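Chemist: One structure follows; several queries about it will come next.
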Amino acid sequence: MIMNNKIHQDLYIEKIIVVVTPNIKQPSFDKKRERGQDRIVIWDSFIDIFLLSGQPRDTEPVCEAYKLRKLELVHNNLTGTIPAALSNMVSLQSINLSHNSLEGLLPDSSVFSSSNSDALANNKDLCGEIQGLRPCNDVSSTGKGSESKKNRLVLIVVPIASALFLSFVLVGIFLLINRRNLRKVSKDGYNSRGENPFSVLYFNGKIVYEDIVKSTNNFDQIYCIGVGGSGKVYKAEIEYGNVFAIKKLNSQANDLEIDSIKSFCNEVAALTELRHRNIVKLHGFCAQGRHTFLVYEFMEKGSLAEILSNEKEAGELDREKRSRVIKGVAHALSFMHHDHVQPVIHRDISSKNVLLDTDMEAHVSDFGTAKFLKPDSSNWTAAAGTYGYIAPELAYTMAVTEKCDVYSFGVLVLEILMGRHLGELISDINSLRDRSIDLKTMLDPRLSPPLTPKLTHELPLMLNIALTCLHFNPKSRPPMSAVSQRLEMETSPE
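Just so we're aligned, residue 1 is where the sequence shown starts under UniProt numbering, counting upward by one.
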């Protein structure tokens, strides 16, 4: 609802843009001056509606569509006639223009014929075939027949002229925006297939592409906080006071295998709905020509790999905290594989993709590049994972299953217990299962020996789970749901 504004001119809407935004649970209202335009945001049924007026801008929204269903402009001092162009908005189901200074003939539209007089009450001189309004052929209220004829002529001519003017304006805006987009395609190397570049899809609609590029100084190296196989990670401090981790992918926008904007929206929306205490929140995704990146929640302590490689920080990550990290990763993978609406395979579980917050709580990251596991196919035609964590079956088959994540989890558990990656010795790990293992030789020597009853029970259990997950035969590896349950039931409460 837009109300209590001082608009002393005829109402016209240049363009209505609908941006589908998931995860909006409560309606809210926000109006502010942003970048030289009035920006009115209405949350209604998970739809973010922007009413843009004035000069056209380089706005490249996600999933553009004309889907305005409800329009309420009460107490806005609107004058003149109601634009006939509103009749073309077939999606409009409800309208309220009461308490304004509107006059003249109601447009021929079902939204008006289904409205009651309250929705049009307290205006200057509206007429139409609605109970409570005077008929437009009623001359008694105008005094003279000649004046009535003039009024009828005005009521016919003005809406037609307004509609023609509005049509010319909309066509001009469309041509201007299209021309600017074409210039951008030529300048920045956008998708050669003719698809519009995507803006950032973000749950509250505030973070935009330009803000991220500005906050990282166009992805300058000084803002880089990590490097992975698929791209670099940058720290972005947005002016609104939020901090994000931006994973800039090596691929460009025109390399993405996205069939349509609709499928893109569906996939990102599904990934942003992955909500678990041990999974890093994915806020959105962007493909803007040269820049293709994921927007993640920022984790203050950085990656587990960085902590284990630092003598001081590795010492602070004691055995109890490491036990909690192992359980957190297990719970996250169990949720992704078994508890989410559509199973998700991570494909790249490693110490680089486990991030820690200030409480040393583990959060699995970098799942945005994973593909959904379809019931009829699990093949993936590209290499998956980080060297040293990849399941052995991927050397002779490209069938990626949840058991690949289980194997990587086993490698990660040994790395956490030992304080380092096994390296080439990981290929001989199956021989350890057939002989007794001296636990002391397997633990990180930088930490004090495990003396408490809790640790003396948990550490052998976790070592046993790791070896079970590292079976050469994928069918012999346990599902992550069983691993998570075993860790939950057979370890002491925190």
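Don't be surprised by glycine CBs; every beta carbon is placed ideally from N, CA and C. Nothing here was measured: the structure is a model prediction, and the numbers come from that model.
Hey, would you say Asp405 sits closer than 7 angstroms to His471, going by beta carbons?
Modeler: In this structure, His471 does not lie closer than 7 angstroms to Asp405 by Cβ.
Chemist: My guess is that Val364 and Val354 are in contact by the Cβ rule of under 8 angstroms, so how many angstroms apart are they, rounded?
Modeler: Right, the Cβ-Cβ distance comes to about 6 angstroms (below 8 angstroms), so this counts as a contact.
Chemist: What does DSSP give as the partner residue(s) for Ile95 in the beta ladder?
Modeler: Partner(s): Leu71.
Chemist: Measure the C-alpha to C-alpha separation of Met89 and Pro343 and round it to an integer number of angstroms.
Modeler: One C-alpha to the other measures close to 40 angstroms.
Chemist: Thinking C-beta only, is Ala121 closer than 7 angstroms to Ser98?
Modeler: In contact: Ser98 and Ala121 (Cβ atoms closer than 7 angstroms).
Chemist: Please classify Leu126 as buried or exposed, where buried requires at least 16 other C-beta atoms within 10 Å of its C-beta.
Modeler: With 16 or more other Cβ atoms within 10 Å, it is buried.
Chemist: Taking the C-alpha atoms as reference points, what is the distance between residue 553 and Glu210?
Modeler: The chain is shown from 1 up to 494; residue 553 falls before or after that span and cannot be answered.
Chemist: Can you give the beta carbon distance from Tyr466 to Val413, rounded, assuming they're within the 8 angstroms contact cut?
Modeler: Correcting the residue type first, residue 466 is Ala in the shown sequence and not Tyr. Indeed, because the Cβ distance is near 4 angstroms, the residues count as touching under 8 angstroms.
Chemist: Suppose the cutoff is 8 angstroms on Cβ atoms and the five residues either side in sequence are ignored; what does the same chain contact list for Leu455 look like?
Modeler: So the list reads Arg319, Glu320 and Ser323, once near-sequence residues are dropped.
Chemist: Are the CB atoms of Phe244 and Val295 within a distance shorter than 7 angstroms?
Modeler: Yes.
Chemist: Could you give the residue range of the alpha helix (DSSP H) that holds Asp211?
Modeler: Segment Tyr209 to Ser215, the alpha helix (DSSP H) holding Asp211.
Chemist: To which residues of the same chain is Ser117 closer than 7 angstroms at the C-beta, ignoring the five residues directly before and after it?
Modeler: Same-chain partners within the cutoff: Ile130, Gln131, Gly132 and Leu133.
Chemist: Going by alpha carbons, who is nearest to Val329 out of Met418, Leu304 and Leu105?
Modeler: Checking every option, the nearest Cα to that of Val329 belongs to Leu304.
Chemist: Take the Cβ of Val411 as the centre, count every other Cβ of all protein chains shown within 10 Å, and call the residue buried at 16 or more, exposed below.
Modeler: By the 10 Å Cβ count, Val411 comes out buried.
Chemist: Where DSSP assigns a beta bridge to Ala362, which residues make up the other side?
Modeler: The partner list for Ala362 (beta bridge, DSSP) reads Leu356.
Chemist: Entirely within the region 279-321 and at least 3 residues each: give me those beta strand (DSSP E) ranges in chain order.
Modeler: Fully enclosed beta strand (DSSP E) runs of 3 or longer: 282-288 and 291-297.
Chemist: Given that a residue counts as buried once 16 or more other Cβ atoms are within 10 Å of its Cβ, and exposed if not, what is Asp220?
Modeler: It is exposed - the Cβ of Asp220 has fewer than 16 other Cβ atoms within 10 Å.
Chemist: Does Thr491 come out as helix, strand or coil in the three-state DSSP assignment?
Modeler: Three-state result, Thr491: coil.
Chemist: Can you tell me whether DSSP reads Ile246 as helix, strand or coil?
Modeler: It is a strand residue.
Chemist: In angstroms, rounded to a whole number, what distance separates the CA positions of Met360 and Val325?
Modeler: Cα to Cα, Met360 sits roughly 8 angstroms from Val325.
Chemist: Compute the distance between the beta-carbons of Asp444 and Met462, then report whether it is under 7 angstroms.
Modeler: No.
Chemist: Quick check on Ile82: does DSSP put it in helix, strand or coil?
Modeler: Correct three-state label for Ile82: coil.
Chemist: Would you please state the rounded distance, in angstroms, between the beta carbons of Ala332 and Ile279? I believe it to be under 8 angstroms.
Modeler: Right, the Cβ-Cβ distance comes to about 5 angstroms (below 8 angstroms), so this counts as a contact.
Chemist: So Ser334 and Ser484 are in contact, right, with Cβ under 8 angstroms, and what is the actual spacing, rounded?
Modeler: With 8 angstroms as the limit, Ser334 and Ser484 qualify as a contact, their Cβ atoms being about 4 angstroms apart.
Chemist: To the nearest whole angstrom, what separates the beta carbons of Lys312 and Asp357, a pair I think is in contact under 8 angstroms?
Modeler: Not a contact, Cβ separation roughly 18 angstroms.
Chemist: So for Leu102, helix, strand or coil by DSSP?
Modeler: Looking at Leu102 - three-state DSSP - the assignment turns out to be strand.
Chemist: When the Cα atoms are used, what is the spatial distance from Arg486 to Leu92?
Modeler: When rounded, the distance between both Cα atoms is 55 angstroms.
Chemist: Could you check which residue in Gly231, Ala236, Gly241 and Lys235 has the C-alpha nearest to that of Asn250?
Modeler: Among Gly231, Ala236, Gly241 and Lys235, the Cα nearest to that of Asn250 is on Gly231.
Chemist: Give the DSSP bridge partners of Gly226, in chain order.
Modeler: Partner(s): Val233.
Chemist: Output the distance between the C-alpha atoms of Ala362 and Tyr387, rounded to the nearest integer angstrom.
Modeler: Spanning the two alpha carbons is a distance of roughly 22 angstroms.
Chemist: Between the C-alpha atoms of Pro392 and Asp339, what's the straight-line distance to the nearest angstrom?
Modeler: Going by the C-alpha atoms only, they are around 26 angstroms apart.
Chemist: Skipping 5 residues on each side, what residues in its chain have a beta carbon closer than 6 angstroms to that of Val74?
Modeler: If we look at Val74 and ignore the five residues flanking it on each side, its Cβ neighbours are Met3, Asn96, Ser98 and His99.
Chemist: Rounded C-beta distance between Leu166 and Pro83? I'm assuming under 8 angstroms.
Modeler: Going by Cβ atoms, the distance from Leu166 to Pro83 rounds to 6 angstroms, so yes, they are a contact pair.
Chemist: Looking only at DSSP bridge pairs, what is Asp125 linked to?
Modeler: The partner list for Asp125 (beta bridge, DSSP) reads Glu103.
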